[in-house]
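Chemist: The structure that follows is given in the form of structure tokens.
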Amino acid sequence: MPRRTALSVLTALAGGVLAACSGPGGAVPSARPGTPAPTTLRYGPDPAQYARLHLPPGGPADGGGARGGEGALPVVVVLHGGYWRAQYGLELGTPLAVDLTDNDVAALNVEYRRLSTGGGFPTTLDDVAAAVDLLAGPAIQAARRAGRRLDLQRVVLLGHSAGGQLAAWAASRARLQPPAPGAGPRVVPRGVVSQAGVLDLVAAADQGLGAGAVVDFLGGPPTAQAARYAVASPMALVPAPCPVVCVHGTADVTVPPDQSRRYVDAALAAHGQARLRLLDGVDHFRLIDPADPAWLVVRDEVMGLLG
2 MPRRTALSVL
12 TALAGGVLAA
22 CSGPGGAVPS
32 ARPGTPAPTT
42 LRYGPDPAQY
52 ARLHLPPGGP
62 ADGGGARGGE
72 GALPVVVVLH
82 GGYWRAQYGL
92 ELGTPLAVDL
102 TDNDVAALNV
112 EYRRLSTGGG
122 FPTTLDDVAA
132 AVDLLAGPAI
142 QAARRAGRRL
152 DLQRVVLLGH
162 SAGGQLAAWA
172 ASRARLQPPA
182 PGAGPRVVPR
192 GVVSQAGVLD
202 LVAAADQGLG
212 AGAVVDFLGG
222 PPTAQAARYA
232 VASPMALVPA
242 PCPVVCVHGT
252 ADVTVPPDQS
262 RRYVDAALAA
272 HGQARLRLLD
282 GVDHFRLIDP
292 ADPAWLVVRD
302 EVMGLLG
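According to this note's numbering, the sequence shown is numbered sequentially starting from 2.
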């Protein structure tokens with residue numbers, strides 16, 4: 002084979018490999034020098050029942066914390082999207098977790114069981130509840146081993162797409178009673194930032210969003226599984242007991258902006274704290290690209306809630 006032809010074939014193959022490896026989110030940013038490797042924490046026996054704790058650089062020398070030596074680190078729980086389907090995993094949240102640690106915030110990047118791998122109702126909700134509650138035990142211990150402390154009074158839940166549903170639901174689960182999934186939380190978040198979240202599951206099911214993902218997630222349409230929708234849909238649980246900021250792009254065709262608008266309107270009507278940030282011309286995935294200005298808007302909202 003001539004050298005130029007061989008080189009062209011290799012180039013095409015390499016391009017195909019890179020395309021196959023690339024995802025809908027952004028690239029992982031460079032971590033600051035001294036950033037420790039993330040710690041994997043398990044909350045169940047299934048391979049998908051784990052989370053990764055990302056800590057910023059620092060240690061006992063700075064008082065066990067960062068942000069100007071304040072002490073304990075605020076924490077953001079990152080919940081990835083993908084319409085609860087198995088082909089999407091916590092790698093979507095890794096760029097956000099690293100960017101947050103670059104800004105002196107601890108991040109818990111959560112994986113959970115998804116559709117076709119044991120997920121759905123109620124297991125996905127059970128998983129998210131258990132993962133958030135890791136902060137009250139294993140995550141504190143892991144941070145302590147690294148010479149850091151976590152501030153559980155400053156926890157924000159951050160979720161994209163279906164992860165927005167999970168984040169808003171996890172913030173509202175304090176309103177649920179056993180045997181509902183997630184009842185009796187050990188960690189109470191300070192706020193939620195939903196990135197193009199699927200927040201009204203009834204409307205999403207009726208519209209067929211995600212090629213029927215909502216119906217698959219809850220095991221049927223709203224007419225057949227009304228009780229499940231009442232427990233799982235953030236829209237049914239307004240107002241959340243903490244502020245919820247919904248960031249949504251006007252060019253989003255994956256999750257229409259009306260999902261966020263309807264949730265905020267319902268939360269305000271129920272005397273809750275909710276706010277809508279519409280980003281003109283922004284699509285579904287720019288919100289999870291740390292190199293995109295849309296992510297900077299999201300991150301500013303997170304930092305504002307952390308205080």
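By construction, the Cβ of each residue, glycine as well, lies at the ideal position given by its N, Cα and C atoms.
(1) Quick one: residues in its chain with C-beta nearer than 7 Å to the C-beta of Trp85, no 5 flanking neighbours on either side, listed in chain order?
(2) Touching or not, the segment 71–78 and the segment 139–150, by the rule of three or more beta carbon pairs under 8 Å?
(3) Looking at the secondary structure, which residues open and close the beta strand (DSSP E) in which Ala52 lies?
(4) Pro294: buried (16+ other C-beta within 10 angstroms of its C-beta) or exposed?
(5) Could you tell me which residues DSSP pairs with Leu151 in its beta bridges?
(6) I believe Arg174 touches Ala137 by the beta-carbon criterion, under 8 Å. Please report the beta-carbon distance rounded to the nearest angstrom.
(7) Which of the three DSSP states is assigned to Ala7 in this structure?
(8) Ordered along the chain, which non-local residues of its own chain (more than five positions away) have a Cβ less than 6 Å from that of Tyr89?
(9) Please specify which runs of the alpha helix (DSSP H), each continuous and at least 4 residues long, are wholly inside the segment 136–206, giving them in chain order.
(10) Would you list the one or two residues that DSSP bridges to Val248?
(11) Could you spell out where the beta strand (DSSP E) holding Gly111 opens and where it closes?
(12) Look up Val79 in the DSSP assignment and give the residues it is bridged to.
(13) Quick check: what's the CA-CA separation for Asp128 versus Pro190?
(14) Are there three or more Cβ pairs, one per stretch, closer than 8 Å when the segment 92–102 is compared with the segment 43–50?
(15) Spatial neighbours of Met304 within its chain, please: C-beta separation below 7 Å, excluding the five flanking residues on both sides.
(16) May I ask you to report which of helix, strand or coil DSSP gives Thr36?
(17) Short check: CB of Cys247 to CB of Leu269, under 8 Å?
(18) Hey, Leu109 and Val78 are a contact pair by Cβ (cut 8 Å); roughly how many whole angstroms apart?
(19) Secondary structure at Arg86, three-state DSSP: helix, strand or coil?
(20) Can you tell me whether Glu302 is helix, strand or coil according to DSSP?
(21) To the nearest angstrom, report how far apart Gly308 and Asp103 are at their CA atoms.
(22) Arg150: which of Gly192, Ala168, Ala131, Val106 sits nearest, CA to CA?
(23) Do Leu238 and Arg176 have their C-beta atoms closer together than 8 Å?
(24) On the criterion of 16 or more Cβ atoms from any shown chain inside 10 Å, does Ala28 qualify as buried, or is it exposed?
(25) Comparing C-alpha positions only, which one of Ala184, Val99, Pro180 sits nearest to Asp134?
(26) Where do the ends of the alpha helix (DSSP H) carrying Ser117 lie?
(27) Considering only the alpha carbon of each residue, which of Ala172, Leu202, Val299 lies closest to Arg229?
Modeler: Working from what's here:
(1) Arg115, Leu116, Gly120, Thr125, Ala163, Ala214, Phe218
(2) yes
(3) Here the beta strand (DSSP E) through Ala52 covers 51–55.
(4) Taking all protein chains in view, the Cβ of Pro294 is surrounded by fewer than 16 other Cβ atoms within 10 Å, so the residue is classified as exposed.
(5) Leu74
(6) 14 Å between Cβ atoms; not a contact.
(7) Since pLDDT at Ala7 reaches only 34, below the 50 mark, its modelled position is unreliable, and no value is offered.
(8) Gly83
(9) DSSP runs (the alpha helix (DSSP H)) wholly in the segment 136–206: 139–146, 163–173.
(10) Gln196, Arg278
(11) The amino acid occupying residue 111 in the given sequence is Val; Gly does not appear at that position. Residues 107–111.
(12) Answer is Asn110, Leu159, bridged to Val79.
(13) 17 Å
(14) no
(15) none
(16) Thr36: coil per DSSP, three-state reduction.
(17) No; because the gap between Cβ atoms is not below 8 Å, this pair is not in contact.
(18) 5 Å
(19) strand
(20) Correct three-state label for Glu302: helix.
(21) 17 Å
(22) Val106
(23) yes
(24) exposed
(25) Per the Cα distances, Ala184.
(26) Looking at the DSSP string, Ser117 is not in any alpha helix (DSSP H), and its letter there is neither H nor E.
(27) Leu202
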